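Please read the structure below before turning to the comments.
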């Protein structure tokens, strides 16, 4: 979170970035902690599935906490068009479960695919409780996006790149400021609004927080998304329809 915030802050202030890959390294972090002894670098405890799993008590507690917060902001009974949910999902380019019709005597059935059967595209999909779907953001792992991709991507979509195909704090900030917020304005959405998102620390940057505060966007982290979105996330319905149609 801190590293991403520094990168975005230097970009926003248009200061020369002396860091490798535009991000501070270990030496900078150690010097920063020495200058701020009230802070410490801690390693989060790895929890097994049973310990990390959301209980009914925790889930109910999360709903009560969100309800109290929204009530304090006078956002508890707002129009459904002002309530947004965004989710990051991966679409595998070479799914293993393709089925074909063959002769019963055939023993070996093969499908020619690329070298990496785990190759995927990461897509951020955002929608509101009124059923409106916003232009998505698609992440690519290219060092430099090929011109053919830029030409073929539908108008209004956001395309970004990262080394591991997953969304970064910088890419989410760019999506929020250049796609999400302008779309809300063009669609006549009344502010302030609510945006539910996965609680990944990589999303949270100082630049994002400042922008959302200034423009009436209330960010609310979903509870332990790994264990809850497969039951209540709107993306699972979309993925199910996609699998039936394409695979």
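In our numbering, the protein residues as written are 1 to 247.
Quick reminder that beta carbons are idealized off the backbone N, C-alpha and C, glycines included.
Every value quoted in this text rests on a predicted model; they were computed, and no experiment measured them.
*Expected contact under 8 Å - CB spacing of residue 167 and residue 122 to nearest Å*: Locating residue 167 in the chain shown gives position 167, counting from the first residue. Locating residue 122 in the chain shown gives position 122, counting from the first residue. Contact holds; Cβ gap of about 6 Å.
*Rounded C-beta distance between residue 189 and residue 81? I'm assuming under 8 Å.*
Taking the chain shown and counting its residues from 1, the one referred to as residue 189 is at position 189. Taking the chain shown and counting its residues from 1, the one referred to as residue 81 is at position 81. Contact holds; Cβ gap of about 6 Å.
*Would you call the segment 120 to 137 and the segment 154 to 161 touching, i.e. three or more CB-CB distances under 8 Å?*
In short, these stretches touch, since the Cβ pair count reaches three.
*Within its chain, find whatever has a CB closer than 6 Å to the CB of residue 162; leave out the 5 residues flanking it on each side and keep chain order.*
What you label residue 162 is simply residue 162 of the chain shown in a count that begins at 1. Beyond the five residues adjoining it in sequence on each side, residue 162 comes within less than 6 Å, by CB distance, of 139 and 168 in the same chain, given in chain order.
*Closest by CA to residue 71, which one among 218, 222 and 223?*
Position 71 of the chain shown, counting from 1, holds the residue named residue 71. When each option's Cα is compared against that of residue 71, the closest is 218.
*residue 208 and residue 172: beta carbons closer than 8 Å?*
As a first step, residue 208 is located in the chain shown; it is residue number 208 there, counting from the start. As a first step, residue 172 is located in the chain shown; it is residue number 172 there, counting from the start. Cβ atoms of residue 208 and residue 172: closer than 8 Å.
*What are the residues that DSSP puts in a beta bridge with residue 161?*
On the chain shown, residue 161 is found 161 positions in, with the first residue counted as 1. Residue 161 pairs with 140.
_Pick from 176, 206 and 152 that is closest to residue 193, judged by C-alpha positions_ = As a position in the chain shown, residue 193 is number 193, starting the count at 1. The residue with the shortest Cα to Cα distance from residue 193 is 176.
*In whole angstroms, what separates the C-alpha of residue 18 from that of residue 147?*
Here residue 18 corresponds to residue number 18 of the chain shown, with the count starting at 1. Here residue 147 corresponds to residue number 147 of the chain shown, with the count starting at 1. Rounded to the nearest angstrom, the gap between the Cα atoms of residue 18 and residue 147 is 29 Å.
*For my contact list, residue 197 and residue 86 are in at a C-beta cut-off of 8 Å; report their separation, rounded to the angstrom.*
Here residue 197 refers to the residue found at position 197 when the chain shown is read from its first residue. Here residue 86 refers to the residue found at position 86 when the chain shown is read from its first residue. Right, the Cβ-Cβ distance comes to about 5 Å (below 8 Å), so this counts as a contact.
*asked:* Could you give the first and the last residue of the continuous beta strand (DSSP E) run that contains residue 66?
replied: Counted from its first residue, the chain shown places residue 66 at position 66. Here residue 66 belongs to no beta strand (DSSP E); instead the alpha helix (DSSP H) covers 56 to 72.
*DSSP three-state call for residue 169: helix, strand or coil?*
Mapped onto the chain shown, residue 169 falls at position 169. The answer is helix: DSSP assigns residue 169 an H, G or I state.
_Coil, strand or helix - residue 88 by DSSP_ = As a working mapping, residue 88 is identified with position 88 in the chain shown. Taken through DSSP and simplified to helix, strand or coil, residue 88 comes out as strand.
*Determine whether the Cβ of residue 28 lies closer than 8 Å to any Cβ atom of chain B.*
In summary, chain B is missing from the structure at hand, where a single protein chain is found.
*Use the C-beta contact count for residue 128: other C-beta atoms within 10 angstroms, 16 or more gives buried, fewer gives exposed.*
The residue you call residue 128 lines up with position 128 of the chain shown. Residue 128 is buried by the Cβ-count criterion.
*Have a look at residue 178 and residue 214 and give me their C-alpha separation to the nearest angstrom.*
Residue 178 sits at position 178 when you count from the first residue of the chain shown. Residue 214 sits at position 214 when you count from the first residue of the chain shown. Spanning the two alpha carbons is a distance of roughly 15 Å.
*asked:* Rounded to the nearest angstrom, what separates residue 76 and residue 6 at their Cα positions?
replied: Residue numbering aside, residue 76 sits at position 76 when the chain shown is read from its first letter. Residue numbering aside, residue 6 sits at position 6 when the chain shown is read from its first letter. Roughly 34 Å between the two C-alpha positions.
_Applying the 10 Å Cβ sphere with the 16-neighbour rule, what's the burial state of residue 91?_
Translated into the one-based positions of the chain shown, residue 91 becomes position 91. Residue environment analysis places residue 91 among the exposed positions, since fewer than 16 neighbouring C-beta atoms fall within 10 angstroms of its C-beta.
*Counting along the chain, where does the beta strand (DSSP E) carrying residue 196 start and finish?*
On the chain shown, residue 196 is found 196 positions in, with the first residue counted as 1. Where residue 196 is concerned, the enclosing beta strand (DSSP E) stretches over 193 to 197.
*Taking residue 21 as the reference, give the member of 83, 205, 143 and 31 with the closest Cα.*
The residue given as residue 21 occupies position 21 in the chain shown. The option with the nearest alpha carbon to residue 21 is 143.
*By how many angstroms is the C-alpha of residue 124 removed from the C-alpha of residue 25?*
Translated into positions along the chain shown, residue 25 becomes position 25. Translated into positions along the chain shown, residue 124 becomes position 124. Their backbone Cα atoms lie some 28 Å apart in a straight line.
*Assign residue 149 to one of two classes, buried (16 or more other C-beta atoms within 10 Å of its C-beta) or exposed (fewer than that).*
By 1-based counting over the chain shown, the position of residue 149 is 149. Exposed.
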